[in-house]
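Notes follow once the structure below has been shown.
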Amino acid sequence: MEKPILGIHHVTAIASDPQRNVDFYTELLGLRLVKRTVNFDDPGTYHLYFGDDTGTPGTILTFFPWPGAARGTPGVGQVTVTSFSVPERSLDYWEQRLRSARVPAERSGKRFDETVLTFADPDGLKLEMVAHAGADGSRVRGTGIPEEHAIRGFYAVTLSEQGFEATADLLRTMGFRDVAEQGNRFRFEVGDGGSGARVDVLCVPEAPHGRVLVGTVHHVAWRVADDESQAAWREKLLEIRPNVTPVIDRCYFHSVYFREPGGVLFELATDPPGFAIDEPVDSLGESLKLPSWLEPHRKEIEEVLPPLQLHRLLEAQKSGGPSPQSTR
Ligand code: ZN
0 MEKPILGIHH
10 VTAIASDPQR
20 NVDFYTELLG
30 LRLVKRTVNF
40 DDPGTYHLYF
50 GDDTGTPGTI
60 LTFFPWPGAA
70 RGTPGVGQVT
80 VTSFSVPERS
90 LDYWEQRLRS
100 ARVPAERSGK
110 RFDETVLTFA
120 DPDGLKLEMV
130 AHAGADGSRV
140 RGTGIPEEHA
150 IRGFYAVTLS
160 EQGFEATADL
170 LRTMGFRDVA
180 EQGNRFRFEV
190 GDGGSGARVD
200 VLCVPEAPHG
210 RVLVGTVHHV
220 AWRVADDESQ
230 AAWREKLLEI
240 RPNVTPVIDR
250 CYFHSVYFRE
260 PGGVLFELAT
270 DPPGFAIDEP
280 VDSLGESLKL
290 PSWLEPHRKE
300 IEEVLPPLQL
310 HRLLEAQKSG
320 GPSPQSTR
């Protein structure tokens, strides 16, 4: 018997320059680089994982940085917005912090009972800070950001869809419940619901299909408790989605992938074993980690990967070099 899906596990997007990606998510947004590894399916490129200080499922935003690749097109069949959860009174702080780093940020008004700040990362990936009452009780994490304003993990993801019913039916099969709607936005929750366990389906019948490249989301992964629950979900989903993959070992979690009817790539990822499986929590993200089957090729891999420096802007500031603002 399958256990309930618990919420968002991670979101994976495509970036261009890896150093700029690290600078933005660690130094501006205050997330921690919790794993520096390679794309297991393309080991000449990085796979960078950002999250809270241990990489708790539900806080993990990951990137495949492809230097020099073209910008993608956000559109139908994609996760078009990734939203972070922040405490109710934090939007002024974030608006000011983003603007002082010359990142345009816009208040998009009230949505349901939350207030929203919209912005984009240096590659054009669309992000939101969603301020809401429930965020105050969550675990406080983050580095370099005052505790009362730190990102609390994901709030939700938004899927853009041409149709609505087929995607809604699949979500319901996965245990999601219809909880709210506003205009063309349909909100679903799974597991215990709330922040990190919700998805908004935006019905945009006239919008063009997106193209997944730099600045777009590659896939969203949903949390399953363990391997047994994942196997049960896989069996159940195979009855309606013949494209479900076998279980793939991603080292830090185990994964199956399938496309939902609207075209968005979904993954089911296990909570265990987590990011401390191959390095101590204290030094997560500091050195390049490779899965056992790629370890024999470490030298060749390290030669092709561009160098990556943590705390680059902070150290430049300390030594009287360029401020974060002037390097952007
Ligand atoms: Zn994934």
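Counting from 0, one number per residue, gives the positions in the sequence shown under numbering that gives the first Met the number 0. Glycine included, C-beta positions come from ideal geometry on N, C-alpha and C. On a predicted model such as this, the values are computed, not experimentally measured, just so you know.
query                                                                                                                                               : result
Roughly how many whole angstroms lie between the Cα atoms of Ser89 and Val303?                                                                      : 41 Å
Mind checking which residues open and close the beta strand (DSSP E) that includes Tyr154?                                                          : Phe153 to Glu160
Considering only the alpha carbon of each residue, which of Pro121, Leu124 and Arg110 lies closest to Asp131?                                       : The residue you asked about is not Asp; residue 131 is His in the sequence shown. Checking every option, the nearest Cα to that of His131 belongs to Arg110.
What is the rounded straight-line gap between the Cα of Thr326 and the Cα of Gln18?                                                                 : Low per-residue confidence applies at Thr326: pLDDT is 41, beneath 50, and the placement is therefore not dependable, though the value from the model is reported in the following sentence. The straight-line gap from Cα to Cα measures roughly 12 Å.
Quick one: grab the DSSP three-state call for Leu30.                                                                                                : coil
Thinking C-alpha only, which one of Tyr154, Leu212 and Leu236 is nearest His8?                                                                      : Tyr154
I'd like the span of the beta strand (DSSP E) that includes Arg311, first residue to last.                                                          : No beta strand (DSSP E) holds Arg311; the alpha helix (DSSP H) holding it covers Arg311 to Lys317.
Kindly indicate which residue of Met128, Arg101, Asp112 and Ser107 has the alpha-carbon position closest to the one of Pro121.                      : Arg101
Here's the rule I'm using: 16 or more other beta-carbon atoms within 10 Å means buried, otherwise exposed. How should Ser254 be labelled?           : buried
Do Phe252 and Ala275 have their beta-carbon atoms positioned less than 7 Å apart in this structure?                                                 : no
Determine the burial state of Pro272: buried for a count of at least 16 other Cβ atoms within 10 Å of its Cβ, exposed for fewer.                    : exposed
Please enumerate, following chain order, all residues with a beta carbon closer than 5 Å to at least one heavy atom belonging to ligand 1.          : Thr11, Ala220 and Glu266
Using only the alpha-carbon positions, how far apart do Leu97 and Pro241 sit?                                                                       : 43 Å
Measure the CB-CB distance between Ser82 and Val33 and report whether it falls below 7 Å.                                                           : no
For Ala165, is the classification buried or exposed, using 16 other Cβ atoms within 10 angstroms of its Cβ as the cut-off for buried?               : exposed
In the DSSP assignment, find the beta strand (DSSP E) that holds Ala358 and state where it starts and stops.                                        : For the chain, the structure presents residues 0 to 327; residue 358 sits outside this window and is missing.
If Val223 sits next to His217, beta carbons under 8 Å apart, how far is it from one beta carbon to the other, in whole angstroms?                   : About 19 Å; that fails the 8 Å criterion.
Since Glu188 sits in a beta bridge, which residues does DSSP pair it with?                                                                          : Arg176 and Arg197
Going by other Cβ atoms of all chains shown within 10 Å of its Cβ, with 16 needed for buried, is Asn20 buried or exposed?                           : buried
In chain order, what residues of the same chain lie with their CB nearer than 6 Å to the CB of His208, ignoring the 5 residues before and after it? : Gly74, Val75 and Gly76
Which of helix, strand or coil does DSSP assign to Ser15?                                                                                           : coil
Using alpha carbons as the reference points, say which of Glu147, Arg70, Ser99 and Thr11 lies closest to Thr58.                                     : Thr11
Return yes when the Cβ of Leu158 is within less than 7 Å of the Cβ of Val200, no when it is not.                                                    : yes
Which residue's Cα is closest to the Cα of Gly214: Arg31, Glu1, Gly54 and Thr61?                                                                    : Thr61
Among residues of its own chain, excluding the 5 on either side of Gly43, which ones have a beta-carbon nearer than 6 Å to its beta-carbon?         : Val303
Between Ser228 and the rest of its own chain, which residues show a CB-CB distance below 6 Å, the 5 nearest in sequence each way excluded?          : Glu1 and Lys2
Run through DSSP, which three-state label would Asp41 get?                                                                                          : strand
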